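In my numbering, the protein residues as written are 970 to 1137.
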């Protein structure tokens, strides 16, 4: 299911952020510098996703200390994502991918209504991409279901390991 090889340039995406701004990954990457952790999640209706986002928020200090910037993306409704991000006080960008632009560009699995099992209707599944300061892929993981995704602790270990072994 891997669309990208390590060191491939990842595609630029431009999506609405729940804070009302238009988000361009390329502009954000250049403005912030450092590495970027782009996380696709199922939606505001998914209790595991919301818990993961809360855990990410609790770990922003760790990621900031490693110069890693978090961006999250969901195919959920903009209004629902906005309400969830405000309620949980999320400080990182939460993007709405209503037209599945990012989902398709990053080859993230889309659970369709006609898939072989019922799972809360149609939605994008979890996926994780760690991207270096030049926009090149360092790590990726895509799911076809809600299970098997890395925890925040595992994401921290991934960042630490790649940071220690990185060949700039």
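The beta-carbon is built from N, C-alpha and C at its ideal position, and this holds for glycine as well. The structure presented is a predicted model; accordingly, all values stated were derived computationally and were not measured.
Local Cβ density within 10 Å of residue 1054, reported as buried at 16 or more and exposed below that
Stepping through the chain shown from its first residue, residue 1054 is reached at position 85. Result: buried.
Note to self: For the structure I just gave you, are there three or more beta carbon pairs, one from the segment 1038-1056 and one from the segment 1009-1016, closer than 8 Å?
What the structure shows: yes
- For residue 1098, count neighbouring C-beta atoms within 10 Å of its own C-beta (all shown protein chains included) and say buried if the count is 16 or more, exposed if not. Along the chain shown, one-based indexing puts residue 1098 at 129. Under this definition residue 1098 is a buried residue.
Looking only at C-alpha atoms, which of 1031, 1077, 985 and 1137 sits nearest to residue 1121? In the chain shown, counting from the first residue as 1, residue 1121 sits at position 152. Nearest of 1031, 1077, 985 and 1137 to residue 1121, Cα basis: 1031.
Residue from 1021, 1005, 1118 and 1062 whose Cα sits closest to the Cα of residue 1042: Reading the chain shown from its first residue, position 73 is the one you call residue 1042. If we check each option's Cα against that of residue 1042, 1062 comes out closest.
Next item on the list: Quickly, what does DSSP pair residue 991 with across the bridge? List them, please.
Entry: Within the chain shown, numbered from 1, the residue matching residue 991 stands at position 22. Per DSSP, 985.
Determine the extent of the beta strand (DSSP E) in which residue 1110 is found, giving its start and end residues. In the chain shown, counting from the first residue as 1, residue 1110 sits at position 141. Taken as a continuous stretch (DSSP letters only), the beta strand (DSSP E) holding residue 1110 covers 1106-1111.
**Request:** Express the C-alpha separation of residue 976 and residue 1131 in angstroms, rounding to a whole number.
**Result:** The count along the chain shown starts at 1 and reaches residue 1131 at position 162. The count along the chain shown starts at 1 and reaches residue 976 at position 7. Their backbone Cα atoms lie some 13 Å apart in a straight line.
Kindly provide the ranges of any alpha helix (DSSP H) runs that are 4 or more residues long and lie completely inside the segment 982-1067, ordered along the chain. 994-1001, 1016-1027, 1029-1034 and 1047-1056
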